[in-house]
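Notes to accompany the following structure.
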Amino acid sequence: MAYIPLEAHLPGITGLLEYRKDSAAPIRELTQILLRGPSTLTEGERELIATVVSNKNECRFCTAAHTAAANILLGEQETSAKVKEDLLNAPVSEKMKVLLTIASQVQVSGKNVTVAAIRKAKDEGATDIEIHDTVLIAALFCLYNRYVDGLATVTPTDASFYNSLGERLKQHGYNRLPQGYDHLKKQSAE
Amino acid sequence: MPHINVDENLPGIRALMAFSPETATPMGELANALLRTNEVLSMAERELIAAHVSYLNDCFYCQQSHGAIAVCYLDGNNDLVEQVKRDYVNADIPDKLKALLAIAGSVQKGGKYVTPEQIEVARKLGATDKEIHDTVLIAAAFCMFNRYVDGLAANTPTDLASYPLRAKQIAEKGYGNHIFSSKQPVPENA
Numbered sequence: 301m302a303y304i305p306l307e308a309h310l311p312g313i314t315g316l317l318e319y320r321k322d323s324a325a326p327i328r329e330l331t332q333i334l335l336r337g338p339s340t341l342t343e344g345e346r347e348l349i350a351t352v353v354s355n356k357n358e359c360r361f362c363t364a365a366h367t368a369a370a371n372i373l374l375g376e377q378e379t380s381a382k383v384k385e386d387l388l389n390a391p392v393s394e395k396m397k398v399l400l401t402i403a404s405q406v407q408v409s410g411k412n413v414t415v416a417a418i419r420k421a422k423d424e425g426a427t428d429i430e431i432h433d434t435v436l437i438a439a440l441f442c443l444y445n446r447y448v449d450g451l452a453t454v455t456p457t458d459a460s461f462y463n464s465l466g467e468r469l470k471q472h473g474y475n476r477l478p479q480g481y482d483h484l485k486k487q488s489a490e
Numbered sequence: 375m376p377h378i379n380v381d382e383n384l385p386g387i388r389a390l391m392a393f394s395p396e397t398a399t400p401m402g403e404l405a406n407a408l409l410r411t412n413e414v415l416s417m418a419e420r421e422l423i424a425a426h427v428s429y430l431n432d433c434f435y436c437q438q439s440h441g442a443i444a445v446c447y448l449d450g451n452n453d454l455v456e457q458v459k460r461d462y463v464n465a466d467i468p469d470k471l472k473a474l475l476a477i478a479g480s481v482q483k484g485g486k487y488v489t490p491e492q493i494e495v496a497r498k499l500g501a502t503d504k505e506i507h508d509t510v511l512i513a514a515a516f517c518m519f520n521r522y523v524d525g526l527a528a529n530t531p532t533d534l535a536s537y538p539l540r541a542k543q544i545a546e547k548g549y550g551n552h553i554f555s556s557k558q559p560v561p562e563n564a
């Protein structure tokens with residue numbers, strides 16, 4: 301059970317974002333820009349950054365949610381599994397491997413990002429904007445993962461929950477749904 | 375030297391925000407939502423949490439900046455702020471704030487480090503749901519801000535006298551894009 305009273309039909313991050321909406325709005329907006337805004341990285345690649353960082357932070361809710369979103373966007377499940385287990389042999393570009401390495405360094409601490417990793421990323425063609433966005437996405441998920449687990453929110457164990465959430469993240473991105481989330485109450489009651 | 379090509383005349387996060395004004399806007403709004411309100415926790419208490427977490431993350435720019443902002447709200451009591459950063463247990467602050475700083479310290483390590491016992495202690499000392507929520511989210515947000523600043527190796531002024539000048543800007547006007555778009559403060563005798 302979560303440490304503070306949250307809506308029972310909104311496990312994980314959604315209940316928190318509904319708990320205090322004025323702080324949620326800029327968090328949602330920042331995420332929408334970074335993960336869905338114009339970028340030379342695909343939406344799938346950006347979801348992989350979120351997945352790798354959440355996995356290293358051992359946040360089960362965020363890892364499952366962003367794995368599902370990445371799988372839907374990439375149209376397959378192998379890549380998300382491989383970047384978590386064995387990044388260097390994952391079926392992604394060399395540039396993505398270095399960016400995911402930088403994201404993993406950020407997960408430990410900002411100070412852990414090495415000049416060598418940055419140089420390698422640039423050698424593989426990463427732009428300053430791609431490096432900036434990678435670091436900020438990784439940092440943002442260090443916020444999310446701590447928010448979700450620091451307040452002990454509920455983590456559903458049912459895979460279908462994350463498939464629905466992944467679909468929602470593909471369809472609507474990170475904006476608050478215009479109609480809110482009351483319709484999910486009916487679904488979970490069925 | 376920063377890892378990406380940013381304006382060298384701007385210190386710390388200001389240079390990163392100027393590099394990416396689109397993401398800077400929601401980050402400034404989030405800082406205002408979390409740090410520029412006296413609802414449940416005072417602005418001074420909020421900045422102390424931010425400074426303590428930044429100290430634990432060893433982010434020199436953020437701990438000096440938010441420490442200096444806290445000093446503005448605490449009538450210039452720099453000694454108290456320094457003690458809260460390094461050794462809050464023995465600082466002259468209310469026990470409830472100490473319990474919240476303990477929770478923030480756990481969030482800095484990882485969301486799962488927050489224990490039901492820590493929450494229980496905070497509640498017994500009068501902490502409300504909203505105070506616990508905001509403490510966790512402020513701590514989580516600084517795990518993002520600190521990683522953003524150090525992960526891109528933003529310029530960190532070593533001249534400690536420059537921090538109170540920037541802190542005064544924030545204390546007077548709050549957070550937002552003015553911190554990089556308006557003229558940087560310089561000492562009057564310079």
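Sequence lines, in order, name chains F and X.
Per my numbering, residue 301 is the first one in the first sequence, and the count goes up by one each step.
Per my numbering, residue 375 is the first one in the second sequence, and the count goes up by one each step.
Ideal Cβ positions, reconstructed from N, Cα and C, are used throughout, including at glycine.
Quantities reported herein were computed from a predicted structural model and do not represent experimental measurements.
query, result
"CB of Y487 (chain X) within 8 Å of CB of K472 (chain X), strictly", "no"
"Given 8 Å, three or more beta-carbon pairs between the segment 452-466 of chain F and the segment 360-375 of chain F", "yes"
"A459 (chain F) beta carbon less than 8 Å from that of R521 (chain X)", "no"
"Collapsed DSSP secondary structure at I333 (chain F) in the structure displayed", "helix"
"Backbone secondary structure at V454 (chain F) - three-state DSSP", "coil"
"Spatial neighbours of A398 (chain X) in its chain, beta-carbon cut-off 6 Å, leaving aside the 5 residues before and after", "M391, N551"
"Contact between the segment 356-368 of chain F and the segment 439-451 of chain F (3+ Cβ pairs under 8 Å)", "yes"
"Spatial neighbours of F361 (chain F) in its chain, beta-carbon cut-off 6 Å, leaving aside the 5 residues before and after", "G312, V448, T455"
"Identity of the residue in X:K459, X:D469, X:L526, X:V458 nearest K498 (chain X) by Cα", "X:D469"
"Where N379 (chain X) falls, given that 16 or more other Cβ within 10 Å makes a residue buried", "exposed"
"Residue environment, E490 (chain F), which counts as buried when at least 16 other CB atoms sit within 10 Å", "Its pLDDT being 45, under 50, E490 (chain F) is placed unreliably by the model, and nothing is read from it."
"Alpha-carbon to alpha-carbon, K485 (chain F) and A389 (chain X)", "44 Å"
"Limits of the alpha helix (DSSP H) - the one that A392 (chain X) falls within", "386-393"
"Residue-level contact to chain X via CB, Y481 (chain F), 8 Å cutoff", "no"
"Beta-carbon proximity of E384 (chain X) to I423 (chain X), cut-off 8 Å", "Per the sequence shown, residue 384 (chain X) should be read as Leu rather than Glu. Result no, Cβ atoms of L384 (chain X) and I423 (chain X) do not sit closer than 8 Å."
"C-alpha distance - H483 (chain F) paired with T434 (chain F), whole-angstrom precision", "34 Å"
"Boundaries (first-last residue) of the alpha helix (DSSP H) holding K395 (chain F)", "394-408"
"Reference P538 (chain X), options X:L415, X:E403, X:E562, X:Y429, closest by Cα", "X:E562"
"CB of R410 (chain X) within 8 Å of CB of Y429 (chain X), strictly", "no"
"Any chain X beta carbon closer than 8 Å to D423 (chain F)", "no"
"Beta carbon proximity, T455 (chain F) to chain X, threshold 8 Å", "no"
"Between the CA atoms of L454 (chain X) and H366 (chain F) - distance to the nearest angstrom", "42 Å"
"Rounded straight-line distance, which links the Cα of V510 (chain X) to that of Y444 (chain F)", "11 Å"
"First and last residue of the uninterrupted alpha helix (DSSP H) at R497 (chain X)", "490-498"
"Meets three-Cβ-pair contact criterion under 8 Å: the segment 420-434 of chain F and the segment 387-398 of chain F", "yes"
"Contact belief for M518 (chain X) with C442 (chain F) at Cβ below 8 Å, rounded distance in angstroms", "6 Å"
"Span of the alpha helix (DSSP H) around D423 (chain F)", "415-423"
"Residue span of the alpha helix (DSSP H) that contains I512 (chain X), given as start and end", "503-525"
"Members of the segment 413-431 of chain X that neighbour chain F once the beta carbon cut-off is set at 9 Å", "N431"
"Beta-carbon proximity check, A513 (chain X) vs Y435 (chain X), cutoff 8 Å", "no"
"Buried or exposed (CB count within 10 angstroms, at least 16 for buried), R420 (chain X)", "buried"
"Closer than 8 Å to chain X by CB, K411 (chain F)", "yes"
"Where E490 (chain F) sits in the DSSP three-state scheme", "Per-residue confidence for E490 (chain F) stands at a pLDDT of 45, beneath the threshold of 50, marking its modelled position as unreliable; no derived number is given."
"DSSP state of V414 (chain X) mapped onto helix, strand, coil", "coil"
"Any C-beta of chain X under 8 Å from that of N357 (chain F)", "yes"
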